[in-house]
Every structure is written in structure tokens, then in C-alpha cells.
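Okay, so here's the structure we're looking at.
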Amino acid sequence: MKLGWNDVSFHGSDQIPTPNIDALAFNGVILNSQYAQPVCTPSRAALMTGKYPIHTGMQGYPLLGAEPRGLPPGKLLPEYLRELGYTNRAIGKWHLGFYKRELTPTYRGFDSHLGYWTGFVSYYDYILQDKYTDGEFSGFDLRRNLTLARDLVGQYATDVFTDEAVRIISTHRETEPLFLYLAHLAPHAGNRGKLLEAPQEVVNKFDYIADPNRRTYAAMVSKLDASVGRVTEALQRRGMLGDSVIVFMSDNGGSTIGDFPNWGSNYPLRGLKDTLWEGGVRVPGFIWSPLLQQTPRVSNQVMHITDWLPTLYTAAGGIPPLEGLDGVDQWEALLYDLPSPRREVLLNINEKTRTAAVRYQNYKLIIGSTNPAYNEYFGANWAATVAPPYNSSAVTGSPAGVAVAQLYRSTYSTDRIKFYLSVRVALSLSEPLTFKSPTLTSRIPSLRWEASLQCTPDSPGSSCDPTVSKGGCVYDVERDPCETNDLAVDHPDLASSLRALLVRHRRTLVPQGNLPTDSFNADPAKWGGAWTTWGSGE
Numbered sequence: 001m002k003l004g005w006n007d008v009s010f011h012g013s014d015q016i017p018t019p020n021i022d023a024l025a026f027n028g029v030i031l032n033s034q035y036a037q038p039v040c041t042p043s044r045a046a047l048m049t050g051k052y053p054i055h056t057g058m059q060g061y062p063l064l065g066a067e068p069r070g071l072p073p074g075k076l077l078p079e080y081l082r083e084l085g086y087t088n089r090a091i092g093k094w095h096l097g098f099y100k101r102e103l104t105p106t107y108r109g110f111d112s113h114l115g116y117w118t119g120f121v122s123y124y125d126y127i128l129q130d131k132y133t134d135g136e137f138s139g140f141d142l143r144r145n146l147t148l149a150r151d152l153v154g155q156y157a158t159d160v161f162t163d164e165a166v167r168i169i170s171t172h173r174e175t176e177p178l179f180l181y182l183a184h185l186a187p188h189a190g191n192r193g194k195l196l197e198a199p200q201e202v203v204n205k206f207d208y209i210a211d212p213n214r215r216t217y218a219a220m221v222s223k224l225d226a227s228v229g230r231v232t233e234a235l236q237r238r239g240m241l242g243d244s245v246i247v248f249m250s251d252n253g254g255s256t257i258g259d260f261p262n263w264g265s266n267y268p269l270r271g272l273k274d275t276l277w278e279g280g281v282r283v284p285g286f287i288w289s290p291l292l293q294q295t296p297r298v299s300n301q302v303m304h305i306t307d308w309l310p311t312l313y314t315a316a317g318g319i320p321p322l323e324g325l326d327g328v329d330q331w332e333a334l335l336y337d338l339p340s341p342r343r344e345v346l347l348n349i350n351e352k353t354r355t356a357a358v359r360y361q362n363y364k365l366i367i368g369s370t371n372p373a374y375n376e377y378f379g380a381n382w383a384a385t386v387a388p389p390y391n392s393s394a395v396t397g398s399p400a401g402v403a404v405a406q407l408y409r410s411t412y413s414t415d416r417i418k419f420y421l422s423v424r425v426a427l428s429l430s431e432p433l434t435f436k437s438p439t440l441t442s443r444i445p446s447l448r449w450e451a452s453l454q455c456t457p458d459s460p461g462s463s464c465d466p467t468v469s470k471g472g473c474v475y476d477v478e479r480d481p482c483e484t485n486d487l488a489v490d491h492p493d494l495a496s497s498l499r500a501l502l503v504r505h506r507r508t509l510v511p512q513g514n515l516p517t518d519s520f521n522a523d524p525a526k527w528g529g530a531w532t533t534w535g536s537g538e
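Taking the UniProt record's numbering, the leading residue of the sequence shown gets 1, the next gets one more, and so forth.
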């Protein structure tokens with residue numbers, strides 16, 4: 001996905017309106033301190049396993065198309081939910097390995113999958129072009145389970161994946177639990193030569209954006225927002241919205257520059273995808289559910305992508321705790337606006353690039369840099385773009401806003417709720433629930449201001465270059481989320497304790513599992529022009 005921090009309008013930017021995303025965010029809990037991994041495969045591995053990537057060997061670079069490797073054996077999120085009676089559906093990006101059939105989604109806990117196995121494809125032709133030292137290899141990558149879906153060529157990927165989500169919802173028996181994992185391609189960049197693609201009529205709506213690439217990116221985000229609206233609307237139409245927990249998050253920050261830029265903006269956060277600066281790992285997100293109490297609210301409770309496995313397991317009726325996970329069950333904290341049970345977050349340790357970062361309470365240590373050019377702040381010029389004023393009425397009038405309003409005006413018996421609370425949560429479900437009113441248009445500006453970061457990259461402070469400073473840089477990311485004022489020199493004891501914490505994590509590291517590409521055998525030209533399970537001989 002690599003959606004930038006500043007590319008959802010609930011964070012305060014007017015440039016790209018996201019009314020459907022905002023409608024759910026402003027009626028739920030905006031997660032302003034939610035962390036993921038700096039690149040795609042590690043984030044997805046963390047989500048599915050509930051473990052830090054250093055404990056599965058997935059902490060390195062993302063999987064390549066011809067790499068004979070995948071997520072190691074182990075129980076994944078859909079397999080936990082299957083034990084609770086859930087049907088599990090996956091749509092969109094997988095990126096956890098496919099060289100053998102046993103690594104693909106329907107062998108890892110999902111009952112179906114429509115999507116692609118590699119890291120990205122173009123938006124209309126579903127081609128992945130990968131370039132290695134021995135040449136460039138190109139192949140088709142879109143499947144229904146194991147079968148190629150060439151009939152969908154020419155249709156826009158965001159629409160294809162949304163259509164599938166709506167179809168699944170519309171045909172699912174509403175009395176049975178469903179886990180729907182919708183991992184959109186948008187707004188990830190595609191292949192060189194056509195990095196960004198969107199329907200021209202949507203691009204034209206953003207004629208006030210001068211940069212043509214940023215304009216197309218805005219259209220891609222707008223289509224993503226429309227997808228959120230259609231899915232929410234489908235849940236309400238099917239009578240399933242009142243039983244739902246909806247989680248929205250990016251897998252890392254936007255790529256303003258780089259090898260495959262998408263012109264996303266993480267401003268005012270520092271850095272971008274593939275860095276351990278806040279702009280690379282602090283991602284936009286929210287959770288919405290009618291079960292959540294004291295909403296709407298903006299939460300600064302620290303969450304990590306590994307937390308979603310135990311959190312959703314508890315929300316779905318599982319009895320905690322689960323053993324052997326790095327993720328922390330945050331369901332009760334989210335439900336009641338309680339302090340986060342998580343005190344520290346390992347953001348990553350990459351032993352090959354010699355980069356690492358950890359956060360303990362308010363303080364973050366970052367060591368090393370993947371690229372000195374990525375240590376800067378990007379997107380300030382876009383933040384200054386003159387755009388139409390924010391329209392709160394468009395939020396409440398969006399498909400998602402209307403669906404939520406319809407739900408909140410209704411009552412229903414709690415025997416329909418499929419997300420049973422933990423036995424530790426003292427909430428009586430013996431009486432019918434009457435939902436509160438949807439968030440008023442007049443409340444939205446204050447929530448939006450609270451969700452925006454009140455810092456500027458040019459704030460005076462002590463600068464630090466982690467590529468030069470052997471001991472790394474230390475920031476109070478609660479007071480200084482823009483990472484402008486290094487505390488390491490003035491607070492050596494703090495820096496030392498954070499380095500010691502990182503060393504303790506380093507002792508538990510499983511070496512990276514990245515392998516040389518097997519392009520001779522994986523070459524799509526040998527397999528009918530498609531990327532396939534070449535290690536299984538098919």
C-alpha cells in the first residue's frame with residue numbers, strides 16, 4: 001500500500017479528500033501512534049504471525065519474484081480465526097512467498113484469494129517486471145486461488161478488488177463469522193514506465209495539483225477511498241456492519257522518492273518507506289466498530305502491527321493470552337480507552353544494512369540509514385498547495401458516513417454480535433444495544449485538528465545524522481514526532497539504556513532468510529508468461 005501519513009484528510013491535509021476513510025475514522029478511534037515495518041514483506045509477515053520479523057527471518061528486503069523463499073511454517077492469523085469458526089477471505093496483495101504451492105494464501109489459512117502473489121503489478125495489465133543481475137523478467141500475476149485470472153486484464157485493480165469484496169459480503173451468510181483481508185495494491189507504484197495509474201476522469205478532479213505525478217497519486221488514493229465506502233456500504237446493506245470490526249492501516253510510509261516512487265507524502269514526519277524514521281514506520285490508521293466505547297477519539301496509545309493478531313483474536317471471541325507472540329492484545333485498551341499495555345516497540349533490526357530502531361515509552365533510538373538521501377523531510381511543497389477547503393458535510397454524506405449513520409440509528413439484539421468480548425471485559429451484553437448518534441459535522445474540525453501533528457521540521461533543535469553518529473539518535477517522539485531534536489548527547493544515560501534494550505532484542509534475532517534469485521527456473525517465459533509456483537513444478 002505505502003500510503004503516506006499526510007495522504008488521508010483526517011490528518012489535516014486538504015489536498016486529497018478521503019471522505020469515506022474519514023467517516024469511519026471520525027466515528028471510531030484514530031490510531032495516531034500505530035507502527036508497521038519499513039517495507040512490505042516484513043509488515044505482512046508481522047501482521048500474519050504476530051511476531052517481530054527478526055523472529056521469523058523476514059526482517060530484510062521484500063521478497064523478489066524469483067526468490068525461492070516464503071514465510072516460514074507456523075500458525076497464521078486466519079488459522080487462529082478458523083478455530084473460532086471463521087471463514088477467511090483474502091483479496092489483493094500477498095507478498096509472503098509463492099515459489100511452492102504450500103506458501104500461497106489458500107494453503108496458509110485462507111479459504112479463497114483473488115489477487116497477486118508478488119510485491120506489485122501494474123494496475124490494468126497485472127504484469128510484474130523484476131530486474132536482477134542476470135536480466136529483466138516479466139510475467140502476469142493475478143489469480144483466483146491457483147488459477148490465472150486473465151479475464152480481468154484491462155479492469156482497474158482497485159475496482160477489481162473492491163468488486164470481489166462486495167461480492168463476498170453480498171453472498172456470505174450473515175449469521176456466520178467472516179474475516180475479510182483486503183490488501184489493496186493502491187497506492188503502491190507499479191512498473192517502471194507506468195509507475196502510477198488511475199482512471200483519467202478521476203485524475204482530472206485534481207487539476208489544482210500542479211505536479212502531474214502527485215495528481216495521479218491523488219486519484220489513486222481517491223479510488224482507494226471510494227473502495228472503503230463501497231465495502232462499508234455493502235456491509236450495511238447485508239446487515240453485517242453492526243457485527244463488524246474494521247481496521248484500516250498502511251503497511252509502511254509513502255515513497256516520495258526512490259527506485260519506485262509513488263509521490264506519497266509523510267509530511268511533517270521525517271523519512272519515507274524503507275527507513276526507520278517516523279515517516280517510514282508510523283502509519284495512518286484507525287479502528288471502527290459499534291462495540292468501541294468512548295468514541296470518537298484520537299488515540300496516542302502505541303500499537304504495532306504485530307498487535308493485531310492477538311487483538312483481533314480476542315475481539316473475535318478467542319480466550320487470551322496466546323503464547324509465543326510479540327504482539328500485545330490491545331482489545332480491552334481500544335474498547336475502553338485504557339492505557340496501552342505496550343511499553344516498547346522494536347521497529348526493526350536489519351543485521352545486513354546495520355540499521356535498527358526501538359521505541360521505549362516516549363523515546364526512540366534510531367541507528368544507521370538505508371540511504372542518506374532518505375533522511376530528510378519530503379512533501380512540504382505539496383502541503384502548501386492551494387486546495388479546495390475541507391468539506392465536513394462530504395464526510396457525513398459519503399457512502400461510509402451514510403452507512404454508519406443508518407446503523408447508529410438502529411437497535412438490534414446482541415445475539416447477532418459475532419465479536420464476543422473477552423471474559424475479562426466486564427460489559428453486559430444481555431440487553432439490546434442502542435447505538436449512539438453518528439459524529440456531528442460540527443465535531444469533525446476539532447477531531448481533525450487533534451489528529452494532525454503539531455510540529456514542523458524546521459523547529460530549532462539538535463540535529464543528528466545516524467549514518468555519522470555511531471551511537472545513533474534519540475528522540476522524544478511524543479513531544480517531537482518530527483524527530484528534530486536529538487537527545488543522545490545531553491542524555492547519555494537514556495541513550496545507553498535504549499542501546500541496551502536493542503542489544504537484548506538483537507540476541508533473539510533469527511538470521512535473514514533472503515536467498516539469491518532463481519531466475520533460470522522462475523522465468524515466466526517458461527510458464528506461459530506468468531509468475532507461478534515453479535518450485536512445485538507447475
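Using N, Cα and C, we set each Cβ at its ideal position, and we do this for glycine too.
Item: Taking the CB atoms as reference points, tell me whether Lys100 and Ser536 lie closer together than 8 angstroms.; Value: yes
Item: Quick one: grab the DSSP three-state call for Lys223.; Value: helix
Item: Taking only runs that begin and end inside the stretch 286 to 336, name each unbroken beta strand (DSSP E) of 3 or more residues, in chain order.; Value: 297 to 299
Item: Below 7 angstroms, is the gap between the Cβ of Gly109 and the nearest heavy atom of the ligand MG?; Value: This structure lacks the ligand MG; in fact it carries no ligand of any kind.
Item: Would Gly109 pass as a contact of Glu79 if the rule is Cβ separation under 8 angstroms?; Value: yes
Item: Answer with buried or exposed for Gly190, where buried requires no fewer than 16 other C-beta atoms within 10 angstroms of its C-beta.; Value: buried
Item: From this set, Gln454, Arg282, Gly258, which residue's C-alpha is nearest Ser13's C-alpha?; Value: Gln454
Item: Please report the distance separating the alpha-carbon of Glu102 from that of Phe10.; Value: 40 angstroms
Item: Less than 8 angstroms between the CB atoms is what I'm expecting for Pro261 and Leu185, so what's the real figure, rounded?; Value: Actually they do not touch by this definition, with Cβ atoms about 16 angstroms apart.
Item: Unbroken beta strand (DSSP E) runs of length 3 or more, entirely within the stretch 185 to 267: which are they?; Value: 246 to 249
Item: Closest by CA to Ala357, which one among Gly258, His95, Gly280, Asn20?; Value: Gly280
Item: What do you get for Lys418, buried or exposed, if any count of 16 or more other CB atoms within 10 angstroms of its CB means buried?; Value: With a pLDDT of 40 at Lys418, under the threshold of 50, the predicted position of this residue should be treated as unreliable, and no value is reported.
Item: Answer yes or no: do Glu174 and Met240 have a C-beta to C-beta separation smaller than 8 angstroms?; Value: yes
Item: Hey, is the stretch 328 to 347 in contact with the stretch 296 to 307, meaning 3+ C-beta pairs nearer than 8 angstroms?; Value: yes
Item: Would you check if the distance between the CB atom of Tyr116 and the CB atom of Tyr126 is smaller than 8 angstroms?; Value: yes
Item: Would the stretch 384 to 404 and the stretch 218 to 234 be scored as touching if the rule is three or more Cβ pairs under 8 angstroms?; Value: yes
Item: Alpha carbons only, please: which of Gln37, Val245, Ile209 is nearest the one belonging to Asp251?; Value: Gln37
Item: Among the residues of its own chain, which have a CB less than 6 angstroms from the CB of Leu146, if the five just before and after it don't count?; Value: none
Item: By DSSP, does Phe419 sit in helix, in strand, or in coil?; Value: Below a pLDDT of 50, predicted positions are generally treated as unreliable, and Phe419, at 41, falls in that range; the measurement from the model is reported next regardless. Note: Phe419 maps to coil in three-state DSSP.
Item: Rank Asn6, Leu487, Ile16 by C-alpha distance to the C-alpha of Asn391 and give the top, closest one.; Value: Ile16
Item: Does the pairing of the stretch 507 to 516 with the stretch 361 to 371 give three or more beta-carbon distances under 8 angstroms?; Value: no
Item: Whole angstroms are fine: how far does the CA of Gly368 sit from the CA of Asn514?; Value: 20 angstroms
Item: Label Thr456 either buried or exposed according to how many other C-beta atoms from any shown protein chain fall within 10 Å of its C-beta, with 16 as the threshold for buried.; Value: exposed
Item: Return the Cβ separation of residue 604 and Gln236 in integer angstroms, given the expectation that the two are a contact with Cβ distance under 8 angstroms.; Value: An answer regarding residue 604 cannot be provided, because it is not within the stretch 1 to 538 covered by the chain.
Item: Going by DSSP, what residue range makes up the beta strand (DSSP E) through Leu136?; Value: The residue asked about is misnamed: residue 136 is Glu in this sequence, not Leu. Glu136 -> beta strand (DSSP E) spans 135 to 140.
Item: Between Leu71 and Thr56, is the Cβ-Cβ spacing less than 8 angstroms?; Value: yes
Item: Any idea which residues DSSP pairs Lys93 with across the strands?; Value: Tyr116
Item: Counting along the chain, where does the alpha helix (DSSP H) carrying residue 543 start and finish?; Value: Residue 543 lies beyond the stretch modelled for the chain, which goes from 1 to 538, so this question has no answer here.
Item: Measuring CA to CA, which of Gly264, Gly471, Ser393, Leu180 is closest to Ser497?; Value: Gly471
Item: Within a Cβ cutoff of 6 angstroms, which residues of the same chain sit near Tyr475, ignoring the five residues on either side of it in sequence?; Value: Lys364, Glu483
Item: Using CA coordinates, which residue listed in Tyr86, Ser33, Lys223, Val8 is at the minimum distance from Tyr313?; Value: Tyr86
Item: Checking the sheet assignment: what are the DSSP bridge partners for Ala356?; Value: Ile349, Ile367
Item: What does a CB cutoff of less than 7 angstroms around Val425 pick up in its chain, not counting 5 residues either side in sequence?; Value: Because Val425 sits at a pLDDT of 39, beneath the cut-off of 50, its placement in the model cannot be relied upon, and the following sentence gives the value as read from the coordinates. These residues qualify, in order along the chain: Glu332, Leu335.
Item: In terms of residue numbering, what span does the beta strand (DSSP E) encompassing Val474 cover?; Value: 473 to 476
Item: For Lys526 and Arg69, what's the separation of their Cα atoms in angstroms?; Value: 19 angstroms
Item: Rounded to the nearest angstrom, what separates Gly50 and Asp207 at their Cα positions?; Value: 42 angstroms
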